[in-house]
Structure formats: C-alpha cells, structure tokens
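This note's numbering puts the first residue of the sequence shown at 12, with every later residue one more than the last.
Ideal Cβ positions, reconstructed from N, Cα and C, are used throughout, including at glycine.
Okay, structure first, notes after.
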Amino acid sequence: MNASRKVGLAHGFLKTGSSPQRIIRAFQNMKADPEVMVPKNIDLIVGFSQIAPIGASIFGSKNSFGIFGVSGANDISQLLRISVKMGIEGANCIVRAVFPDAANKKTALELGQVFNLMYSCTEILGEAEMPVADIYFKNEAGIYVSTLKTNPPM
12 MNASRKVGLA HGFLKTGSSP QRIIRAFQNM KADPEVMVPK NIDLIVGFSQ
62 IAPIGASIFG SKNSFGIFGV SGANDISQLL RISVKMGIEG ANCIVRAVFP
112 DAANKKTALE LGQVFNLMYS CTEILGEAEM PVADIYFKNE AGIYVSTLKT
162 NPPM
C-alpha cells in the first residue's frame, strides 16, 4: 500500500532588482544557518521576469505548470490572476515553497519567515520603504488566499 504524503505549497511574489542566483544563494545561506531556523527540508524555487513586472504574457499554457508546480486548471487560473495583480503592483519574482509533511498554511508561514529575513537584505529587496511582497496559499476551500489578509502584521 502506497500512502500519499502531504506536501505544503505556497507562492510568494516580490519586487527585486537582484538576480535569481543571488536570491537562491541567500535562501541557501538562511537554510544553512541554524540560528535562523529555516527548515532544511523546505525547497524554494525562484521564477523571474527580468524584462518587466510579472504579467500574463510571460506565462504560456505549457509553462504555467512548471512555474506554479500545480496541474489543476482552477489552481493555475487562480495563480495567474494573482500573478497579474502582483505584477501590476511591481512584483517581478515568484518564489514557490514546497514543504514535505506540512500544510499549505504552514508552508506559507515558513516562506513568510524567509521574506521577513530578506527585509534586512537590501541586495534583494532594495531600498524601498514598503517592499512589494505577498505570499499566497491554497486554503481548505480550494481558494488561494494572501497571508497578509489571513495573518495581518501586528
């Protein structure tokens, strides 16, 4: 009998002038530092639009599964809408977090911790007063929701 494992999935969006390689290196450094407490088994995949903010034109129907890591048409549709909305706000980077044996919300919270750590890294987020960043996860109802709306900052 093959038991299926739960895998948490979350998608973060941000505006950055940094290179994908620099962002990936920063994530690797966070995971390697035990004081930072980023789980070692969380995978972070970076997608980038270097020529413009994220928009529908950068996603081909064949490419959406690879970028988002989902196969359902409803999931892809929701994530495309979110991506376009975040692109209008200036986001040019998607970070997909995959966390084995975790719920989607837990995965989103862990990705949020990574984003919080990046606030002090001006090489990644730049000098902006209010960075463009948000994280979305699929809730129990099958709807992608923002962590900023479900867990507003104090």
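Beta bridge counterpart(s) of residue i as assigned by DSSP
{"i": "K107", "result": "The question names Lys, but residue 107 is Arg in the sequence shown. Beta-bridge pairing links R107 to H22, I56."}
{"i": "A144", "result": "L25"}
{"i": "K149", "result": "Y155"}
Inter-residue spacing [alpha-carbon to alpha-carbon] between residue i and residue j
{"i": "I35", "j": "A152", "result": "32 Å"}
{"i": "A43", "j": "H22", "result": "22 Å"}
{"i": "L128", "j": "F79", "result": "23 Å"}
{"i": "I56", "j": "A108", "result": "6 Å"}
{"i": "V95", "j": "V47", "result": "32 Å"}
{"i": "P50", "j": "R92", "result": "29 Å"}
{"i": "M197", "j": "V125", "result": "The question about residue 197 has no answer here: the residues shown for the chain are numbered 12 through 165."}
{"i": "S60", "j": "R16", "result": "32 Å"}
{"i": "P31", "j": "K117", "result": "24 Å"}
{"i": "Y147", "j": "F38", "result": "19 Å"}
{"i": "M97", "j": "S157", "result": "11 Å"}
Counted within 10 angstroms of its Cβ, other Cβ atoms place residue i as buried (16 or more) or exposed
{"i": "I154", "result": "exposed"}
{"i": "S82", "result": "exposed"}
{"i": "S88", "result": "exposed"}
{"i": "A103", "result": "Here the sequence assigns Asn to residue 103, which means Ala is not the residue at that position. So N103 ends up on the buried side."}
{"i": "S29", "result": "buried"}
{"i": "A84", "result": "exposed"}
{"i": "Y130", "result": "exposed"}
Cβ-Cβ separation, residue j to residue i (assumed contact under 8 Å), whole Å
{"i": "L159", "j": "D145", "result": "5 Å"}
{"i": "G11", "j": "I99", "result": "In the structure as shown, the chain starts at 12 and stops at 165, and residue 11 therefore has no counterpart that could be examined."}
Proximal residues to residue i (C-beta, below 6 Å), its chain only, five neighbours per side dropped
{"i": "A113", "result": "G19"}
{"i": "P111", "result": "V18, N52"}
{"i": "L54", "result": "Before going further, note that residue 54 is Asp rather than Leu in the sequence given. Around D54: V109."}
Close-in-space but distant-in-sequence residues of the same chain around residue i (CB under 8 Å, 5 per side omitted)
{"i": "N115", "result": "G19, L20, A21, F148, K149, N150"}
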